[in-house]
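**Student:** Residue numbers (the numbering used here): 2 to 251. All C-beta atoms, glycine included, are put in the ideal place defined by N, C-alpha and C. Take a look at this one; I'll ask things after.
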């Protein structure tokens with residue numbers, strides 16, 4: 002609604018409708034605003050993608066994740082100058098229907114997986130926390146490589162690490178090497194807003210438990226990386242800490 006309001010003229014119209022068609026419940030939001038240019042329509046659900054000067058690129062990515070998490074679908078129709086229509090579909094169920102278990106659809110696991118996020122940008126950390134939470138992951142965040150190293154007892158209880166490549170102080174690469182001093186099997190995924198460095202590329206090539214992903218990335222791309230990283234077949238013999246009783250860290 003906020004996006005529709007910002008994209009509409011002073012006297013624009015926003016309509017919200019709800020209806021049920023057979024087994025599907027449909028929620029539709031339309032506006033008479035400026036529409037979305039064709040060249041960016043495929044990017045609007047990507048995390049961190051924004052056309053606003055002060056935007057974080059999180060709103061529609063979070064909506065997309067929530068809809069997927071509830072086994073629904075979302076469709077968008079937009080024409081520049083003629084407004085935009087978003088339609089969300091959910092399976093209609095009785096209030097008394099058995100509640101779905103909070104299962105991680107991204108990994109196919111019945112256990113809650115914990116992901117360590119190491120990034121010096123608060124907005125990025127918060128965005129990743131919210132997106133991963135939507136898909137059933139638990140997260141613990143660190144504001145720097147030094148912070149993660151100092152609290153490694155928390156890091157080692159995670160199932161994978163999302164590690165920013167470019168950070169002040171201890172870099173992502175140095176943080177990775179510190180992780181490897183204590184844990185040879187911890188899955189690590191470098192995140193880079195720039196070109197992946199030659200050193201990181203070499204690490205990713207040589208370490209089968211290491212991946213890289215470029216910002217901005219699509220939610221599905223991130224989930225695919227995590228699926229590969231936390232799969233028992235990817236890291237045979239690695240203990241899965243998600244089955245242990247933990248204190249929720251926020």
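Which residue spans inside the stretch 21 to 62 form an unbroken beta strand (DSSP E) run of at least 3?
**Tutor:** If we require 3 residues or more, the beta strand (DSSP E) runs fully inside the stretch 21 to 62 come out as 25 to 32.
**Student:** Let me know the secondary structure DSSP gives residue 16 once reduced to three states.
**Tutor:** Residue 16: strand per DSSP, three-state reduction.
**Student:** What are the boundary residues of the alpha helix (DSSP H) that residue 146 is part of?
**Tutor:** Per DSSP, residue 146 belongs to the alpha helix (DSSP H) from 146 to 151.
**Student:** If you run the structure through DSSP and keep just helix, strand and coil, what is residue 172?
**Tutor:** Residue 172: coil per DSSP, three-state reduction.
**Student:** Buried or exposed: residue 129, going by 16 or more other Cβ atoms within 10 Å of its Cβ?
**Tutor:** With 16 or more other Cβ atoms within 10 Å, it is buried.
**Student:** May I ask you to check if the CB of residue 202 is nearer than 8 Å to at least one heavy atom of the ligand PLP?
**Tutor:** The ligand PLP is absent from the structure shown, which contains no ligands of any kind.
**Student:** Given that a residue counts as buried once 16 or more other Cβ atoms are within 10 Å of its Cβ, and exposed if not, what is residue 107?
**Tutor:** Confidence at residue 107 is low in this model, with a pLDDT of 47, below 50, so its placement is unreliable and no value can be given for it.
**Student:** Along the chain, which unbroken stretches of the alpha helix (DSSP H) at least 4 residues long are found entirely within the stretch 183 to 212?
**Tutor:** Complete alpha helix (DSSP H) runs here, min 4: 199 to 207.
**Student:** Taking the alpha-carbon positions, what's the residue 71 to residue 61 distance?
**Tutor:** The alpha-carbon atoms of residue 71 and residue 61 are separated by roughly 15 Å.
**Student:** With residue 161 and residue 116 assumed to form a contact (beta carbons below 8 Å), what rounded beta-carbon distance in angstroms separates them?
**Tutor:** Rounded, the Cβ-Cβ distance is 5 Å, consistent with contact.
**Student:** Span of the alpha helix (DSSP H) holding residue 228?
**Tutor:** Unbroken alpha helix (DSSP H) run through residue 228: 220 to 231.
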